[in-house]
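All remarks here apply to the structure that follows.
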Amino acid sequence: MLIFTGLARRTAAIAVVVAVALVAMLGAQSTPPARPDFSGVYRPINPFGNAAAGRGAPPAGTAAPTTPAPGQPLPPPTRTAPLSDGSRGRSPDAPQLTPPYLAKWQAMSKSRVAGSSESDKVAQCLPPGMPLMMSMFYGMEVMQTRDKITFFSELNDALRRVYLDGRKPTPAILDDPTYAGFSTGHWEGDTLVVDTVALRDDTYIEGFTPHSDQMTVHERIRFASPGVLEDRIVVSDPKALVKPWETVKTYRKMTGPPDDQLREFACAEGLGHVR
Amino acid sequence: MKTPIHLLAVALIALALAAPRVAAHHSNVGFAVETVLTANGVVKEWQWSNPHTWLILTVDDGKGGQVEWAMEGRAPSVLLRAGWSRNIMKAGDKVTVHYSPSKDGSKVGMIARVTLADGRVLPNAPPGD
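As given, the protein sequences belong to chains R and U, one line each in that order.
With the first letter of the first sequence counted as 1, position 130 gets the number 130 in our numbering; the numbers rise by one all the way through.
With the first letter of the second sequence counted as 1, position 121 gets the number 121 in our numbering; the numbers rise by one all the way through.
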């Protein structure tokens, strides 16, 4: 049995403290740098692209009925929604389509102008799919862990998962296209770089712009400023696009209730009655 | 006591009429979204449903009769942030509706704005949106 003197006990205690501090320092050196945390609820700043620049998400707490000042009637509204039938042609900012895919778009435009919802997959409660879902027209919730980031769209309750654990798409995954596709990502400093493959060919890039089964999506996601998340998107499709199409989506982080709560969408309530 | 068959039939028809109206839901492309008309009417039903809400409205036809309009509104998730709620309207309320007409000429409209009898204005999008 060892019997410590007072001096020996103090020396031992100091040695333990030094050892713990050394382990902590070494541990800190081997820990990867802190990653930004994208978790939270966001509202889109430019859901309809450049054409509607300045359409911002509401600041918190402004969702109250508007009461006109006495004797100051509000001017009547001039539209109920943005025109979405293509009757004014394609925007210069829209993806440049190859002739066969432009013809598909024109056919859908004709059907829409006639009032048919046939080509409106989102109205049929189907997921908007990538990359259209990143417009996040109504709201977005981001859930982040070390190995995975999940993006949830309030519109049609649509989900996508971005794997950060180093896994790669297997031949089985590539052979099984889905609306959201298969997304893998890695960090480059404060930016999340994401590649998405295995996408269905019956969704839209934006609006009702069609694409082929060869479409892939590359994204760089970061905080452009505190509380403003930015997604720089590049869509490639050698069959449908003349050149890769680039767009930037931005989202404002909601800071408190009620705006930081998404509501259940449950689109299927209206299913079976689409016409 | 046996219930007379004709009373049963009347009861069944009444039940059918009282059943919740199931209106077709549309894409925006079903409406002339850049044309906005006005209707003054009385609320028959306010349906707080997904993916679209429905305001069933009784409107004077100007010939001594009444016609029923189905006014389609945006989703509860959007309207909540624009100041609407499940109980914002009830049967019997007088309202003014700004709407876009259906392209097929049916008595279906897409709501741009509802003005309540007390003057409150309900836009179809949150402020700044």
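We treat Cβ as the ideally placed atom computed from N, Cα and C, and that holds for glycine.
CB-CB length for residue i against residue j, believed under 8 Å
i: L192/R; j: I221/R; result: 4 Å
i: K352/R; j: G227/R; result: No answer is possible for residue 352/R: the residues shown for chain R start at 1 and end at 275.
i: A187/U; j: V43/U; result: Summary: the structure shown does not reach residue 187/U, with chain U confined to residues 1 through 129, and so no result is reported for it.
i: A180/R; j: L159/R; result: 7 Å
i: V235/R; j: P100/R; result: At roughly 17 Å, the Cβ-Cβ gap does not stay under 8 Å, so V235/R and P100/R are not in contact.
C-beta neighbour in chain R for residue i, strict 7 Å
i: V136/U; result: The requested residue 136/U is not part of the displayed model; chain U covers only 1 to 129.
i: V43/U; result: no
i: G30/U; result: yes
i: S106/U; result: no
i: M110/U; result: yes
i: N136/U; result: No information on residue 136/U is available, as it lies outside the stretch 1 to 129 that chain U covers here.
i: R86/U; result: no
i: K90/U; result: no
i: R113/U; result: yes
i: P51/U; result: yes
i: K94/U; result: no
Exposure label - residue i; buried when at least 16 CB within 10 Å
i: L37/U; result: exposed
i: P127/R; result: buried
i: R21/U; result: With a pLDDT of 47 at R21/U, under the threshold of 50, the modelled position of that residue is not reliable, and no figure is offered here.
i: D60/U; result: exposed
i: A63/R; result: With a pLDDT of only 41 at A63/R, under 50, the local geometry of the prediction cannot be trusted, and the value read off the model is given with reservation. Looking at its Cβ environment, which holds 16 or more other Cβ atoms inside 10 Å, A63/R is buried.
i: P92/R; result: exposed
i: T203/R; result: buried
i: G62/U; result: exposed
Cα-Cα separation between residue i and residue j, rounded to whole angstroms
i: E45/U; j: L55/U; result: 6 Å
i: R120/U; j: G65/U; result: 28 Å
i: R232/R; j: A266/R; result: 29 Å
i: T209/R; j: P95/R; result: 8 Å
i: N295/R; j: C125/R; result: In the structure as shown, chain R starts at 1 and stops at 275, and residue 295/R therefore has no counterpart that could be examined.
i: R35/R; j: D190/R; result: 6 Å
i: E188/R; j: R43/R; result: 25 Å
i: S109/R; j: G89/R; result: 9 Å
i: D259/R; j: Q214/R; result: 38 Å
i: S85/U; j: G256/R; result: 19 Å
i: T115/U; j: T96/U; result: 5 Å
i: S100/U; j: R167/R; result: 49 Å
i: V48/U; j: P76/U; result: What sits at residue 48/U in the sequence shown is Trp, not Val. W48/U and P76/U: Cα-Cα distance of roughly 7 Å.
i: G270/R; j: G30/U; result: 16 Å
i: E141/R; j: V67/U; result: 43 Å
i: A52/R; j: G41/U; result: For A52/R, the pLDDT reaches just 33, beneath the cut-off of 50, and the residue's location in the model is therefore unreliable, although a value from the coordinates is still provided. Taking the straight line from one Cα to the other gives about 33 Å.
Boundaries (first-last residue) of the alpha helix (DSSP H) holding residue i
i: W105/R; result: 99-113
i: I173/R; result: 171-174
i: P76/U; result: 76-81
7 Å Cβ cutoff, residue i in contact with chain U
i: S84/R; result: yes
i: P73/R; result: no
i: T255/R; result: no
i: R90/R; result: no
i: E206/R; result: no
i: R112/R; result: yes
i: K115/R; result: Sequence check: residue 115/R is Gly here, not Lys. So yes, G115/R belongs to the interface.
i: R263/R; result: yes
i: R79/R; result: yes
i: A94/R; result: no
i: E154/R; result: yes
i: D120/R; result: yes
i: G270/R; result: yes
i: A123/R; result: yes
i: A266/R; result: yes
Limits of the unbroken beta strand (DSSP E) element including residue i
i: A39/U; result: 37-47
i: H98/U; result: 94-101
i: V33/U; result: No beta strand (DSSP E) holds V33/U; DSSP gives it neither H nor E.
i: K249/R; result: 245-253
i: Q66/U; result: 66-73
i: A224/R; result: 216-225
i: F151/R; result: 148-153
i: P123/U; result: 121-123
i: M143/R; result: 140-144
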